[in-house]
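Chains as they are written, first to last, in this note's numbering: chain A, 83 to 193; chain B, 8 to 119. Yeah, the Cβ is synthetic: ideal placement off N, Cα and C, and Gly gets one too. No experiment lies behind these values; they were computed from the predicted model shown.
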């Protein structure tokens, strides 16, 4: 069983607010990822990190930012939320050449 | 051509039948493949990994890899209504960073 945790599970918040979605893993995985997925649609990689102090943008352009100060922690921040940011955000982690394991996700709704 | 392609379905099979899910891939992916199951509103869950040509069996699931045809498949024997979900085929991106390239997913519906 993968130990990767995301908080909050659900968030409904107004436009213009600053939001941080938390993701933590206790497996010591060096690689971590953020995906965005709308209901019934494909997964899109928006950010990834292959170690502390390394972050890269993914395949889908996103207005969010990430940081990786500690191995186990990979938070995602939206400085000013907009309705277009409404989606499900999934965090995952892995070690080299091994499959990724996903957290339960955060369902974000911007009013 | 997308790196990993799947038929979006839905694939409808009766309970007890074999469900066959297929995936093709391009030269831009490495030779490590994974099948994830995703229930509606939930996160993807890894069910099978396959790295070499041939078949790999785990319970009711069999993954098949054919490198010559660039084809990966997942067979589910004795399908149950609880198997109804979207099945995502994924491959490691050959450019590194352990990035996974996901297919769009195939919706499977198992009816009683």
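What span of residues does the beta strand (DSSP E) with residue 29/B cover, start to end? Taken as a continuous stretch (DSSP letters only), the beta strand (DSSP E) holding residue 29/B covers 26–32.
For residue 112/A, does the three-state DSSP call read helix, strand or coil? It is coil, neither helix nor strand.
Along the chain, where does the beta strand (DSSP E) that runs through residue 151/A open and close? If you look at residue 151/A, you'll find it isn't in any beta strand (DSSP E); DSSP assigns it neither H nor E.
Between 193/A, 186/A, 191/A, which lies nearest to residue 106/A when the distance is taken from Cα to Cα? Among 193/A, 186/A, 191/A, the Cα nearest to that of residue 106/A is on 186/A.
Check each residue of the region 151–181 of chain A: if its Cβ is closer than 7 Å to any Cβ of chain D, include it; give the result in chain order. Of the protein chains in the structure, A and B, none is chain D.
Distance, Cα to Cα, residue 179/A vs residue 31/B? Their Cα atoms are separated by approximately 20 Å.
C-alpha distance - residue 99/A paired with residue 24/B, whole-angstrom precision: C-alpha separation (whole angstroms): 50 Å.
With H, G and I counted as helix, E and B as strand and the rest as coil, what does DSSP make of residue 166/A? Helix, per DSSP.
With a threshold of 16 other CB atoms inside 10 Å of the CB of residue 46/B, please say whether the residue is buried or exposed. Per the 10 Å Cβ criterion, exposed.
Report the rounded CA-to-CA distance for residue 120/A versus residue 60/B, giving the unit in angstroms. Spanning the two alpha carbons is a distance of roughly 34 Å.
Output needed for residue 101/A: all residues of its chain with C-beta closer than 6 Å, excluding positions within five of it in sequence on either side, in chain order. Counting only Cβ-Cβ distances below 6 Å, and skipping sequence neighbours, we find 160, 163.
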